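Sequential numbering of the sequence shown, starting at 7, is according to the working numbering.
Encoded as C-alpha cells, the structure appears first; notes follow it.
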Amino acid sequence: MKLRLLLAATTAAFVGYSASASAETKIQWWHAMGGQLGETVNQIAADFNASQNEVEITPVYKGTYEETLTAGIAAFRAGGQPNILQVFDAGAATVIGAKGAVLPVQDLLEGAGADFNIEDYISGVRYFYADSAGKMIGMPFNSSAPIMYYNTEALEKAGVEAPTTWEEFEAIAPKLKEAGYIALVQSHLPWEFTENFLSRNNLQFATNNNGYDGAVDTKLLVNAEPLKMMFTKLSDWKKEGFFEWYGTGWGDNQTPFEQGKVALWVGSSGSFGGLQKSATMPFGAVPLPCWASIVGEGGCYQSFIGGAALFAMSGKSDEENAATAKFFEYMTSPEVQLMWHKETGYVPITNAAYEAAKSEGYYDETPQAEVGIEQLNMKAGEWTRGYRMGFYVQIRDIMNREYGKLFTGETTVDAAFEAIESEGNQLLERFAKTGS
Numbered sequence: 007m008k009l010r011l012l013l014a015a016t017t018a019a020f021v022g023y024s025a026s027a028s029a030e031t032k033i034q035w036w037h038a039m040g041g042q043l044g045e046t047v048n049q050i051a052a053d054f055n056a057s058q059n060e061v062e063i064t065p066v067y068k069g070t071y072e073e074t075l076t077a078g079i080a081a082f083r084a085g086g087q088p089n090i091l092q093v094f095d096a097g098a099a100t101v102i103g104a105k106g107a108v109l110p111v112q113d114l115l116e117g118a119g120a121d122f123n124i125e126d127y128i129s130g131v132r133y134f135y136a137d138s139a140g141k142m143i144g145m146p147f148n149s150s151a152p153i154m155y156y157n158t159e160a161l162e163k164a165g166v167e168a169p170t171t172w173e174e175f176e177a178i179a180p181k182l183k184e185a186g187y188i189a190l191v192q193s194h195l196p197w198e199f200t201e202n203f204l205s206r207n208n209l210q211f212a213t214n215n216n217g218y219d220g221a222v223d224t225k226l227l228v229n230a231e232p233l234k235m236m237f238t239k240l241s242d243w244k245k246e247g248f249f250e251w252y253g254t255g256w257g258d259n260q261t262p263f264e265q266g267k268v269a270l271w272v273g274s275s276g277s278f279g280g281l282q283k284s285a286t287m288p289f290g291a292v293p294l295p296c297w298a299s300i301v302g303e304g305g306c307y308q309s310f311i312g313g314a315a316l317f318a319m320s321g322k323s324d325e326e327n328a329a330t331a332k333f334f335e336y337m338t339s340p341e342v343q344l345m346w347h348k349e350t351g352y353v354p355i356t357n358a359a360y361e362a363a364k365s366e367g368y369y370d371e372t373p374q375a376e377v378g379i380e381q382l383n384m385k386a387g388e389w390t391r392g393y394r395m396g397f398y399v400q401i402r403d404i405m406n407r408e409y410g411k412l413f414t415g416e417t418t419v420d421a422a423f424e425a426i427e428s429e430g431n432q433l434l435e436r437f438a439k440t441g442s
C-alpha cells in the first residue's frame, strides 16, 4: 500500500502531468537471458504488466553477460542507461565501482515504503551483492550454486555412492574407471574449482575482506598451498584417467555427462531444468565436495552463488525509481520466485519461496532441485559471503588460460598460480586507480 501511494504521489508531481495523461510509467530491463530463459523473463514481465496498470516494464535482451555489462556501462556514460541492468557475479564490482551508476536496491525498496528484511533471503544469497556493511546493492536474480550431478547407472554399476568429500572421490574413482566411465568432469574451473573451492573450505580469496572493504590494495591470495594442492590432484587424476578436461566451453564438458559417458559432473544447480530434457540416463545430485583434511569434523561450508543480479541504475526520475521498486517487489514474491525456480532450475532467492516449494512437495518429486538451495543454506564461515574484485572477468580469463596450459602439459601448477596471482593483482591495482 505504501508503495502504491508513493507511485501515485510521484506521478502527480511529475512535470507535465495532467488528468488526461497516462498513469502508466514505462521502465526498461536489459538482460542476458537467451533461449528458454529469455522466454521465461518475457513471461515474468508480461505477467507483471498484466497484474497492475501503473507500470509497464519492457525486457530487452542485450547478448551475453559480458555484452550486457558493457552495453549498460556505455549507456550510463552516455546518459541512456536502462532502469534495470542484469549483471553477472564476475561483473558486480565493475558496475558497483562505476561511481554513481547504481542505486542500492535496499535503499530503493525502503525508500519506496516496501517491506525489506535481508534475513528474508536464503543464507548464501544475502550478502554476495551487498556492501561491506551488509547493505544489499544488487537484487539477486538468477542465482545458482555449483553442485555435483551423478549418473545413477554408473554409480550402481561401480557399486559406489556419490562422494561428499574429495577424499571419498579418490576412493571411488578407480572403481568408476573400471566400470567403464570417466569419473569426473566439470564446466567452469574458475567458478567451481577456484572460487567455490575456497568457499566450501572456508579459505580466504583476497585481502581487504575478499575485496569487500575497498579496491585499494586488494590482492589475490590464490598462489597458496590449498588451491595448488587441488589442481595438483586434478592434474594427477587426469593422468590416471579419473578426470577429463574438454576445454573452457561449458557445454563441451557437460555433453559427455549427458551422453552417459561420465559418472560425475560438477555443474550449476541452474542446469537442472535443461538436464532433465537432455540427459540420456537417470541422474541425481549432491553438494560440491570439500576436503575433509581442510574443514575437519565440522564438514563443508556453504558456497558462493553464481548467476547474476538486477541493479537499479541511477539518473532516473523518482517516478521511474518507484516503478522499479514495484517490479522488484513483484519479482521477489513467493509466487514468482517459485515459478522461476521450477521453470529454470535457479534457486528461489527467498525463504518464503523455498518453503512454498517444499510445502507443495516439489522436492519429493525432484530432489535434485533442492541440492543447490541446501548447499547455500549450509553453515557460513568467515570467507563464504563472496568476493568483490574489479576486472574480475579478465582475471577469470587468466585463470582459464593457465588452467588450459596446465591440463595440456604446457605449464606447472606452481607456474600457473604464480601467473594468475601476479597478472591478477596487476589488474586489481589498475582497477583501484581508474575504476575502469
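All C-beta atoms, glycine included, are put in the ideal place defined by N, C-alpha and C.
It should be emphasised that the depicted structure is a prediction, and the values quoted were computed from it without experimental measurement.
Per DSSP, Ser-339 is not a residue of any beta strand (DSSP E), being assigned neither H nor E. 7 Å or more divides the Cβ of Gly-392 from the Cβ of Gly-103. The three-state secondary structure of Pro-146, taken from DSSP, is strand.
Counting other Cβ atoms within 10 Å of its Cβ, Arg-394 reaches 16 or more and is therefore classed as buried.
The beta carbons of Gly-144 and Tyr-135 sit about 4 Å from each other, so the pair counts as a contact at 8 Å. In the displayed model, Pro-262 falls within a helix according to three-state DSSP. In the three-state scheme derived from DSSP, where H, G and I count as helix and E and B as strand, Gly-273 is classed as strand. Taking a contact as a CB-CB distance under 8 Å, the pair Pro-232 and Ile-300 counts as one, their CB atoms being some 6 Å apart. Glu-116 sits in a helix when the DSSP states are folded into three classes.
Residues of the same chain with a CB within less than 6 Å of the CB of Ser-193, apart from the 5 flanking positions on each side, are Trp-256, Asn-259, Gln-260, Gly-273 in chain order.
Secondary structure at Tyr-127: strand, using DSSP grouped into helix, strand and coil. Contact annotation: Phe-94 and Tyr-71 have beta-carbon atoms nearer than 7 Å.
Beta-bridge partners assigned by DSSP to Trp-36: Val-66, Leu-91. Beta-bridge pairing by DSSP links Pro-373 to no other residue. Going by beta carbons, Ser-149 and Ile-379 fall outside the 7 Å limit. Contact annotation, Thr-76 with His-37: C-beta distance approximately 14 Å; criterion of less than 8 Å not satisfied. When the five nearest sequence neighbours on each side are left out, the beta carbons in the same chain lying within less than 6 Å of the beta carbon of Glu-335 are those of Ala-120, in order along the chain.
In terms of CA proximity to Lys-141, Tyr-127 leads the group Tyr-127, Gly-387, Pro-152. Residue ranges of uninterrupted alpha helix (DSSP H) with 4 or more members, entirely inside the segment 154-214 and ordered along the chain, are 158-164, 172-184, 202-206.
Residue nearest to Gly-217 within the set Leu-190, Thr-390, Thr-414, Arg-407 is Thr-390 (criterion: CA-CA distance).
If you look at Gly-85, you'll find it isn't in any beta strand (DSSP E); DSSP assigns it neither H nor E.
Annotation for Thr-64: Lys-32, Ile-33, Gln-34, Trp-35, Ala-51 place their beta carbon closer than 8 Å to its own, counting only its chain and skipping 5 residues before and after. Around Arg-402, the same chain offers Ala-96, Pro-196 as residues with beta carbons nearer than 7 Å, after the five sequence neighbours per side are excluded.
Judged by DSSP in its simplified three-state form, Met-405 adopts helix.
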